[in-house]
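114 is the number that this note's numbering gives the last residue of the sequence shown; the numbers go up by one with no jumps.
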Amino acid sequence: AAGVAAAPVFDAADVVADPHLTARHMLMAIPRHDGIEEPVLTPGNPVKLSKMAEGPDTEPPTLGADTDQVLRDELGLDKEALEGLRAAGVIGPPPSRGTIGP
């Protein structure tokens, strides 16, 4: 009535509970494997195409999951060199499968 553009502002709980966002798959729940039961909520893809899958096919890689492969591919390091870097504390141990975070 005052000629001012206005709209409701959601807080985090409102966003998570919004039925429209749920119906459009705008929040993707990624399971955690670090002892915390609640999944990590990440934004879904706002672009919806009729012949494309709705979400990621896999979980994102865990911290350090690609270290060995990157060092092999980019620097040509072999297994012994990687073990030497680990022994010197330059890189961490390979993550356990199914973990998120350090």
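Note that beta-carbon positions come from the ideal geometry of N, C-alpha and C, so glycine has one too.
M64 versus N57 - alpha carbon distance:
So the alpha carbons of these two residues sit roughly 11 Å apart.
With V82 as the anchor, note down where its alpha helix (DSSP H) starts and where it stops.
Note, V82: alpha helix (DSSP H), T79 to L87.
Tell me, please, which residues DSSP counts as bridged to T52.
It should be pointed out that residue 52 corresponds to Val in this sequence rather than to Thr. In DSSP, V52 forms a bridge with I42.
CB-CB length for V27 against I42, believed under 8 Å
Not a contact, Cβ separation roughly 17 Å.
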